[in-house]
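A.B. asks: Final position of the sequence shown in numbering that gives the first Met the number 0 is 97; the numbers increase by one with none missing.
All residues carry an ideal CB built from backbone N, CA and C; glycine is no exception.
Small disclaimer: the values here were computed from a predicted structure and weren't measured.
First, the structure itself, so that you have it in front of you.
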Amino acid sequence: MSLRQREPRIKDERHLNYVRLLPCCICGAINVDAAHIRTASLAHGKRGLGMQEKASDIWTVPLCRPHHDEQHSMNEMEFWKSYEIDPFMLALSIRPPK
């Protein structure tokens, strides 16, 4: 039996910097965090994460600090559902200009 090796996290500072320029996807506030989505979605090609593991930077969305804290204070998908946002589609739609 072989153990499946964890896929390395893909870091993209340019992408993170671009996400931080966008308004909060919930309230429109400026000065946001690039919030990583932790939940898996096979339909969107997002794998699950292990303990203390961060998602690749492509799986980030703009959240102000209060909403980012709220995201981490509860079940992540319940958080997104309460705001009627599909975080996977949102993250996939964010692309820095070339």
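Could you compute how far the alpha carbon of S81 sits from the alpha carbon of L62?
C.D. replies: C-alpha separation (whole angstroms): 15 Å.
A.B. asks: Going by DSSP, name the residue or residues bridged to D161.
C.D. replies: Outside the displayed span of the chain (0 to 97) sits residue 161, for which this structure offers no information.
A.B. asks: Helix, strand or coil: which one does DSSP assign to P86?
C.D. replies: P86 falls in the helix class under three-state DSSP.
A.B. asks: Rounded to whole angstroms, what is the Cα-Cα separation between A34 and L41?
C.D. replies: Computed Cα separation, rounded: 20 Å.
A.B. asks: Please report the distance separating the alpha-carbon of L20 from that of E77.
C.D. replies: Going from the Cα of L20 to the Cα of E77 covers about 26 Å.
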